[in-house]
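Protein chains in written order, with my numbering: chain A, 6 to 44; chain B, 381 to 685.
Backbone N, C-alpha and C fix where the C-beta goes; we use that ideal spot for every residue, glycine too.
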């Protein structure tokens with residue numbers, strides 16, 4: 006049960022990381038757009 | 381004969397996640413080994429989990445930083461957009477007008493110059509009365525009734541002056557460079573044109589002419605606002621023309637403040653943008669994470685197509 010719990014947790018954190026990475030990419034894109042507007 | 385004690389139901393649910401050797405174990409000699417492998421895989425899982433968790437934490441921190449930077453930038457952009465039109469036009473517009481005829485530089489407000497409206501005797505007496513009221517108050521700061529744009533950047537100051545003084549000098553705490561003089565219709569006194577001594581970086585212009593109706597009053601018309609610190613008001617201003625110099629300086633300082641605010645804001649924006657750009661690009665973790673994220677996204681899009 007410990008292993009399964011670990012694997013579940015790993016899956017969850019991996020999925021979360023993926024979402025966060027996507028959000029970070031989007032935020033960087035938006036940030037660059039804004040920066041260009043200010044330049 | 382399988383010796384799997386089924387202590388871990390996950391083995392069936394997620395076989396692909398476990399090492400192949402664990403599934404293959406089927407001899408009694410391998411029981412001990414199996415447990416070792418299980419322990420090892422659990423410890424590996426923990427390590428992997430720790431690694432992913434720390435990565436998760438880093439991404440969250442980076443995301444928080446980017447959010448902060450983004451919203452700071454967004455806030456500044458909104459501020460700029462809301463205040464942009466009056467102040468930027470304020471500075472840029474006078475520069476565009478430098479080649480215009482000085483006569484078109486500014487119009488005297490309320491018929492104080494040789495305007496057609498003064499042909500009417502009633503108007504003339506009305507304006508004359510107005511001027512005397514202004515003279516009694518020593519100084520009056522008015523805005524011409526041209527249009528809303530000029531209202532924001534043109535000021536007229538009436539200063540009592542000695543009739544024998546022909547210098548057309550109005551002391552307002554700033555240094556001016558005279559660049560022209562012109563005789564206008566219906567006014568025996570010439571009109572002098574001045575630029576701020578900081579020109580061309582400072583766009584402020586001033587023209588001075590005696591009032592046609594009352595030669596003891598100097599009419600100084602200012603266009604634009606100073607974008608630099610001016611010299612302090614001289615003591616002579618304060619003693620000889622206490623009322624006028626005070627009001628004049630208030631007006632001039634107001635313009636100066638606006639110019640300074642604009643400069644400060646521009647500098648702040650530039651510094652902010654540079655700091656954000658350099659901090660983001662210099663952070664190897666950030667760029668690596670960003671590259672990974674972008675690559676992952678591209679791969680995802682490719683796999684979809």
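Which residues of chain A have a Cβ atom closer than 8 Å to the Cβ of residue 421(B), listed in chain order?
-> Listed by position along chain A, the residues whose Cβ is nearer than 8 Å to that of residue 421(B) are 8.
Name, please, each residue of chain A whose Cβ falls closer than 8 Å to the Cβ of residue 449(B).
-> Going along chain A in sequence order, the residues near residue 449(B) (Cβ under 8 Å) are 36.
Between which two residues does the alpha helix (DSSP H) harbouring residue 20(A) extend?
-> Residue 20(A) -> alpha helix (DSSP H) spans 7-43.
Neighbour list for residue 435(B) in chain A, Cβ cutoff strictly below 8 Å = Those are 22, listed as they occur along chain A.
Do the segment 443-461 of chain B and the segment 20-35 of chain A meet, that is, are 3 or more Cβ pairs less than 8 Å apart?
-> Yes, since at least three Cβ pairs between the segment 443-461 of chain B and the segment 20-35 of chain A fall closer than 8 Å, the two stretches touch.
Assuming residue 606(B) contacts residue 559(B) (C-beta within less than 8 Å), just tell me the rounded distance between them.
-> Actually they do not touch by this definition, with Cβ atoms about 17 Å apart.
Short check: CB of residue 564(B) to CB of residue 557(B), under 9 Å?
-> When the beta-carbon positions are compared, residue 564(B) and residue 557(B) stay at least 9 Å from each other.
Do residue 425(B) and residue 31(A) have their C-beta atoms closer together than 9 Å?
-> No. Outside cutoff.
What residue range is occupied by the uninterrupted beta strand (DSSP E) comprising residue 593(B)?
-> Premise fails: residue 593(B) is in no beta strand (DSSP E) and is neither H nor E.
Would a check of beta-carbon distances place residue 439(B) closer than 9 Å to chain A?
-> Yes, contact with chain A.
Listed from N- to C-terminal order along the chain, which residues in the segment 590-608 of chain B have their beta-carbon within a distance smaller than 8 Å of any beta-carbon of chain A?
-> Here the close residues number zero.
Whether residue 577(B) touches residue 548(B) by CB criterion (9 Å) | It is not a contact, given that the beta carbons lie outside the stated cut-off.
DSSP beta-bridge partners of residue 562(B) | Residue pairing of residue 562(B) in beta bridges, as defined by DSSP: 571(B).
Closest residue to residue 432(B) among 37(A), 17(A), 40(A) (Cα-Cα distance) = Among 37(A), 17(A), 40(A), the Cα nearest to that of residue 432(B) is on 17(A).
Under a three-way DSSP split, which group does residue 524(B) fall into?
-> The pLDDT assigned to residue 524(B) is 39, lower than 50, so where the model puts this residue is not dependable, and the model offers no usable value.
Is residue 579(B) helix, strand or coil by DSSP?
-> The answer is coil: DSSP assigns residue 579(B) none of H, G, I, E or B.
Rank 10(A), 36(A), 41(A), 44(A) by C-alpha distance to the C-alpha of residue 450(B) and give the top, closest one.
-> If we check each option's Cα against that of residue 450(B), 36(A) comes out closest.
Can you tell me which of 594(B), 582(B), 602(B) puts its alpha carbon nearest to the alpha carbon of residue 542(B)?
-> Residue 594(B) holds the alpha-carbon nearest to the alpha-carbon of residue 542(B) among 594(B), 582(B), 602(B).
Opening and closing residue of the beta strand (DSSP E) in which residue 536(B) lies = Counting along the chain, the beta strand (DSSP E) containing residue 536(B) begins and ends at 534-540.
With 9 Å set as the bound, which would you pick, yes or no: does the beta-carbon of residue 446(B) sit closer than that to a beta-carbon of chain A?
-> Yes, because at least one Cβ of chain A sits closer than 9 Å to the Cβ of residue 446(B).
Taking 8 Å as the cut-off, does the CB of residue 29(A) come closer than this to any heavy atom belonging to the ligand ADP?
-> Looking for the ligand ADP in the displayed structure turns up nothing, as the structure carries no ligands at all.
Name the DSSP beta bridge partners of residue 600(B), please?
-> Answer by DSSP bridge pairing, in chain order: 537(B), 588(B).
Beta-carbon proximity check, residue 534(B) vs residue 601(B), cutoff 9 Å | Annotated as proximal: residue 534(B) and residue 601(B), with beta-carbon spacing under 9 Å.
Identity of the residues DSSP links to residue 557(B) by a beta bridge = Assignment of beta-bridge partners to residue 557(B) by DSSP yields 575(B).
Which of the three DSSP states, helix, strand or coil, is assigned to residue 494(B)?
-> Unreliable positioning characterises residue 494(B) in this predicted model, as indicated by a pLDDT of 36, which lies under 50. The coordinate reading is nonetheless provided below. Note: residue 494(B) maps to coil in three-state DSSP.
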